[in-house]
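Taking it in order: structure first as structure tokens, then the write-up.
2 protein chains.
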Amino acid sequence: MTTIKIRDVAALAGVSVGTASRVLSGHSSTSPESRRKVTEAAATLGYRLNAQGRSLRKGYADTIGVLVSDIRNPFFAEIAHNAEQCALGKGFATLLCNANESIAQQDLYLDLLYSQRVAGIIVAPQGDGGGTLRSLLTQDVPVVFVDRTIDGADVPSVTSDNQAGIAEAIGHLAELGHRRVGVVAGPQATSTGRERLVACREAISKHGLDADPELIVVGDFQVESGRRGAAALLDLPKPPTALLACDSLMTFGAIEVLRERGIKMGRALSVIGYDDVEAYRLLRLGLTVVAHDPAQMGSLAVGMVLDAIVGREVSSIVLESKLIVRGSTAPAMDSG
Amino acid sequence: MTTIKIRDVAALAGVSVGTASRVLSGHSSTSPESRRKVTEAAATLGYRLNAQGRSLRKGYADTIGVLVSDIRNPFFAEIAHNAEQCALGKGFATLLCNANESIAQQDLYLDLLYSQRVAGIIVAPQGDGGGTLRSLLTQDVPVVFVDRTIDGADVPSVTSDNQAGIAEAIGHLAELGHRRVGVVAGPQATSTGRERLVACREAISKHGLDADPELIVVGDFQVESGRRGAAALLDLPKPPTALLACDSLMTFGAIEVLRERGIKMGRALSVIGYDDVEAYRLLRLGLTVVAHDPAQMGSLAVGMVLDAIVGREVSSIVLESKLIVRGSTAPAMDSG
DNA sequence: CTGAAAGCGCTTACAG
DNA sequence: CTGAAAGCGCTTACAG
């Protein structure tokens, strides 16, 4: 069962391969008669295009690459899902890749996507922009950053206003009378991790809250680090009266610890989570969160990369990020 | 900035393209001297392989395709993640695609994967095996089904023993004295949806439970259908005393309804969920579940497809599926 | 160990 | 509208 190629279709249809190609790709002008014959022959033989051949000749493929940092993270799953659906609507298939929060794996998949000559790449990057990422940017494939950015890289991005969301969150806690706010920060190898931590420090200082460095622990955007971070904060000689976790997975971890210890959110401890993911709703614990919009990020990123592909100028977009107050934050109880 | 090709590397290194290719792909024998020169030239120029060219020539790519039914479903995200990591360890990059529980989209991506000439395809299929799927099976690309199967298709698969898990679940409820068990079943276009529903009916009949057809509602493996299904069951003139939802997303939906209505699980209503996904742990509501192992499914599927690629015989695997009893199931309260 | 050459499957100016 | 031919970037027998 040798795989059949356009030459076979042309032979059966009694036309040249050129004509067969023109019919099959639907581009140039063809006579109704050849259209009929070629279409019929292709159907009879079960012809299926070899994309390698086409792309090699055309110099690019009708695919875009989407590289997220962690496909099991519901926030990124949402971005990926929306990007993919949106791209599909515009005639581009998506190659979805998972960096698994590893720079080495990010580089590997970036290499893969480039070597597949995808028309464009959407990536939630990590690291310092060295390695494959840097060299990729010197190639002529459009790249768009989503959610995260790389310092100094001249790449259009769609991100959230981390600073504003965090400022609101800390401001809210300050208003409620909290002085010691514990922060489970994200990895400093990511722009979101850094920006949110900087914003925390600024807001803490601005409101004159306790700037004890012990109140800040750095996690890695994974559930387990949220657990460890929250536990460490609670075990402090002088524990915080409020907690802020800087992504959804770490928020999950933190909440688990509270549940295990029987600590009621909003009473003994105020808690603010990050990313208003669907799973929070299920918890029905009325979690106050810093919310932004992964679905919109995904769609906008696709729009940008498609614009870039056709050579249009694109500029970065910063989406809103805001506090949604629910029941998990409450006035501070006097701890001293 | 024209993209540089192997010819440029060869020129700079002062060797033929053949030698350059041999060095770069690391296959055939080459002299240390040419290795040095070519490697250096490639580095200097920032050469990056064009996978289109290579695959076209070799007839296949070092990639496998993984097509899941819904990337936002944590169960499939887990399968996808493990498959991808496992494949990477064996030197294969993964092209992850999302059918979004749509047969049309499944076909589209199947087409894409085949046209990319991936070395093998892992798919959680849906539908009757018509369309692209059928024609794909006549091609010579190895296909492995994961989680789901297609009736009559001669394709190796790694699945869970749905029948056993469901039998245990219903048996457990029968033992607790439940007579009216409500079932939120999965879509009948999927093998898992069908198998689980059949198993429910069998077990209900075997234990002499109430076989009222109103007690069975069919959903689509999405949260919203779990909500609707559970609501419909609870609104029955004679509502069930126990509920079984046949996948994790529908379980989420059902739980939401219970929470909204203030129904305590395990007291007023016994509940059994499906898939022991991580998110359940967070709920800390002690959900009794039918559990199976998506991570293992993903790894095993990769092993099978790689075996098939090198021409080894592979046979289907059925993994265990079992009931984990927690607090959400309790003896039936007399409702009459 | 190496070079010259053919060819993987496709598309697209170029003539006609 | 159509055919013949070149060429996309790579690998691999084939000689040497």
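If you're matching them up, the sequences are chains F and C in order. In the working numbering, each residue carries its 1-based index in the first sequence increased by 1206. In the working numbering, each residue carries its 1-based index in the second sequence increased by 1206. For glycine and all other residues, C-beta sits at the position ideal for the given N, C-alpha and C.
Subject >> Coil, strand or helix - T1209/F by DSSP >> reply: Here the question's residue 1209/F lines up with position 3 in the first sequence. In the three-state reduction of the DSSP assignment, T1209/F falls in the coil class, being assigned neither a helical nor a strand state.
**OP:** Could you tell me which uninterrupted alpha helix (DSSP H) segments, each at least 4 residues in length, are contained entirely in the stretch 1281 to 1315 of chain F, listed from first to last along the chain?
**Re:** Whole alpha helix (DSSP H) segments, 4+ residues: zero.
**OP:** Go ahead and pull the three-state DSSP assignment for S1543/F.
**Re:** Since the first residue of chain F shown is 1207 and the last is 1542, residue 1543/F is not available in this structure.
**OP:** Work out the CA separation of K1211/F and D1317/C for me, nearest whole Å.
**Re:** Translated into the one-based positions of the second sequence, residue 1317/C becomes position 111. Translated into the one-based positions of the first sequence, residue 1211/F becomes position 5. It is roughly 15 Å from the alpha-carbon of D1317/C to the alpha-carbon of K1211/F.
Original post:
Counting only beta-carbon atoms, is D1214/F nearer than 7 Å to chain C?
Top reply: Your numbering for residue 1214/F matches position 8 in the first sequence. No, D1214/F lies away from the interface with chain C (no Cβ there is under 7 Å from its Cβ).
Original post:
For the stretch 1343 to 1355 of chain C, which residues have a beta carbon sitting closer than 8 Å to at least one beta carbon of chain F?
Top reply: From the stretch 1343 to 1355 of chain C, only T1344, Q1345 and D1346 have a Cβ closer than 8 Å to chain F.
**OP:** Answer yes or no: do V1390/C and R1433/C have a C-beta to C-beta separation smaller than 7 Å?
**Re:** For the purposes of this step, residue 1390/C is taken as residue 184 along the second sequence, with counting starting at 1. For the purposes of this step, residue 1433/C is taken as residue 227 along the second sequence, with counting starting at 1. No Cβ-Cβ contact shorter than 7 Å links V1390/C with R1433/C.
Original post:
Around the C-beta of M1539/F, are 16 or more other C-beta atoms found within 10 angstroms, so that it is buried, or is it exposed?
Top reply: Numbered from 1 along the first sequence, position 333 holds the residue referred to as residue 1539/F. It is exposed - the Cβ of M1539/F has fewer than 16 other Cβ atoms within 10 Å.
**OP:** Kindly indicate if chain C contains any beta-carbon less than 7 Å away from that of F1458/F.
**Re:** Residue numbering aside, residue 1458/F sits at position 252 when the first sequence is read from its first letter. At least one CB of chain C lies nearer than 7 Å to the CB of F1458/F.
Subject >> Three-state class that DSSP yields for I1277/C in the structure shown >> reply: Along the second sequence, read from residue 1 onward, the residue named residue 1277/C stands at position 71. Coil, per DSSP.
Original post:
Does DSSP classify V1387/F as helix, strand or coil?
Top reply: In the first sequence, counting from the first residue as 1, residue 1387/F sits at position 181. Note: V1387/F maps to strand in three-state DSSP.
Subject >> Length of the line joining the Cα atoms of L1342/C and T1398/F >> reply: Along the second sequence, one-based indexing puts residue 1342/C at 136. Along the first sequence, one-based indexing puts residue 1398/F at 192. Straight-line Cα distance between these residues: approximately 43 Å.
Subject >> Beta-bridge pairing of L1493/F - partner residues as DSSP gives them >> reply: For the purposes of this step, residue 1493/F is taken as residue 287 along the first sequence, with counting starting at 1. Its beta-bridge partners do not exist; DSSP assigns none.
**OP:** State buried or exposed for T1494/C, treating a residue as buried only when at least 16 other CB atoms are found within 10 Å of its CB.
**Re:** Here the question's residue 1494/C lines up with position 288 in the second sequence. Classification of T1494/C: buried, given that the 10 Å Cβ count is 16 or more.
**OP:** May I ask you to report which of helix, strand or coil DSSP gives D1422/F?
**Re:** One-based indexing of the first sequence puts residue 1422/F at position 216. A small fix is needed here, since residue 1422/F is Ile in this sequence, not Asp. Strand at I1422/F.
Original post:
Would you say R1278/C reaches chain F, if we count a Cβ-Cβ gap shorter than 7 Å as a contact?
Top reply: As a working note, residue 1278/C is residue 72 in the second sequence. It does: the Cβ of R1278/C has a partner Cβ on chain F nearer than 7 Å.
Original post:
Opposite V1361/C in the DSSP bridges: which residues?
Top reply: Residue mapping note: residue 1361/C aligns to position 155 of the second sequence, counting from 1. Answer is none; V1361/C lacks a bridge partner.
Original post:
Are there 16 or more other CB atoms within 10 angstroms of the CB of T1208/C, so buried, or fewer, so exposed?
Top reply: Taking the first residue of the second sequence as position 1, residue 1208/C is located at position 2. With fewer than 16 other CB atoms across the displayed protein chains lying within 10 angstroms of its CB, T1208/C is exposed.
Subject >> S1321/F at chain C interface by Cβ criterion, 7 Å >> reply: Reading the first sequence from its first residue, position 115 is the one you call residue 1321/F. Chain C has a Cβ within less than 7 Å of the Cβ of S1321/F.
**OP:** Go to I1523/F, then tell me how far its beta strand (DSSP E) extends in each direction, as first and last residue.
**Re:** Numbered from 1 along the first sequence, position 317 holds the residue referred to as residue 1523/F. Element bounds for I1523/F: I1523 to L1525.
Original post:
Can you list the residues of chain C that T1189/F reaches, using a CB-CB cut of under 7 Å?
Top reply: The first residue shown for chain F is 1207 and the last is 1542, placing residue 1189/F beyond what the model contains.
Original post:
In chain F, which residues lie with their C-beta within 9 Å of the C-beta of G1259/C?
Top reply: The count along the second sequence starts at 1 and reaches residue 1259/C at position 53. Those within 9 Å of G1259/C in chain F are Q1258 and L1262.
Original post:
Which residue comes first and which comes last in the beta strand (DSSP E) that contains V1578/C?
Top reply: Examination of residue 1578/C is not possible in this model, given that chain C is present from 1207 through 1542 alone.
Original post:
In chain order, what residues of the same chain lie with their CB nearer than 6 Å to the CB of G1542/F, ignoring the 5 residues before and after it?
Top reply: The residue given as residue 1542/F occupies position 336 in the first sequence. For G1542/F, the predicted structure reports a pLDDT of 39, less than 50, and the residue's modelled location is therefore unreliable. A value from the coordinates is still provided. Listed in chain order, the non-local C-beta contacts of G1542/F below 6 Å within the same chain number zero, local neighbours out to five positions each way being set aside.
Original post:
Is the CB of R1341/F under 7 Å away from at least one CB in chain C?
Top reply: Counted from its first residue, the first sequence places residue 1341/F at position 135. First, the residue type needs correcting, since residue 1341/F is Ser and not Arg in the sequence shown. True, the Cβ-Cβ gap to chain C drops below 7 Å.
Original post:
Can you round the beta-carbon distance between V1496/F and L1455/F to whole angstroms, since I take them to be within the 8 Å contact cut?
Top reply: Counted from its first residue, the first sequence places residue 1496/F at position 290. Counted from its first residue, the first sequence places residue 1455/F at position 249. Rounded, the Cβ-Cβ distance is 14 Å, inconsistent with contact.
Original post:
Got a sec: is the Cβ-Cβ distance from R1156/C to anything in chain F below 7 Å?
Top reply: Because chain C spans 1207 through 1542 in this model, residue 1156/C falls outside it and cannot be assessed.
Original post:
Cβ of H1498/F within 7 Å of Cβ of S1411/F?
Top reply: Taking the first residue of the first sequence as 1, we reach residue 1498/F at position 292. Taking the first residue of the first sequence as 1, we reach residue 1411/F at position 205. Their beta carbons are not under 7 Å apart, which means H1498/F does not touch S1411/F by this criterion.
Subject >> CA nearest to the CA of Q1369/C, picked from L1525/C, G1533/C and A1485/C >> reply: Mapped onto the second sequence, residue 1369/C falls at position 163. Nearest C-alpha to Q1369/C: L1525/C.
**OP:** Return the CA-CA distance between A1451/F and G1479/F, expressed in angstroms with no decimal places.
**Re:** Position 245 of the first sequence, counted from the first residue, corresponds to residue 1451/F. Position 273 of the first sequence, counted from the first residue, corresponds to residue 1479/F. Whole-angstrom Cα-Cα distance: 5 Å.
Subject >> Continuous beta strand (DSSP E) stretch holding I1372/C: start and end >> reply: Taking the second sequence and counting its residues from 1, one reaches residue 1372/C at position 166. Taken as a continuous stretch (DSSP letters only), I1372/C belongs to no beta strand (DSSP E), being part of the alpha helix (DSSP H) at N1368 to E1381.
Original post:
Excluding five sequence neighbours on each side, which residues of the same chain lie with their C-beta closer than 8 Å to the C-beta of A1417/C?
Top reply: Counted from its first residue, the second sequence places residue 1417/C at position 211. These residues qualify, in order along the chain: R1407, I1410 and S1411.
Subject >> A1257/C Cβ short of 6 Å to the ligand SAH heavy atom set >> reply: Ligands in the displayed structure: none, and consequently the ligand SAH is not present.
**OP:** Identify the contact partners of E1462/F in chain C, using a Cβ-Cβ distance below 9 Å as the criterion.
**Re:** On the first sequence, residue 1462/F is found 256 positions in, with the first residue counted as 1. Contacts between E1462/F and chain C, judged by CB atoms closer than 9 Å, involve R1487, L1488 and R1490 in chain order.
Original post:
Which value, in whole angstroms, describes the spacing of the CA atoms of L1512/F and L1255/F?
Top reply: On the first sequence, position 306 is the one that residue 1512/F refers to. On the first sequence, position 49 is the one that residue 1255/F refers to. For L1512/F and L1255/F, the gap between their C-alpha atoms comes out near 23 Å.
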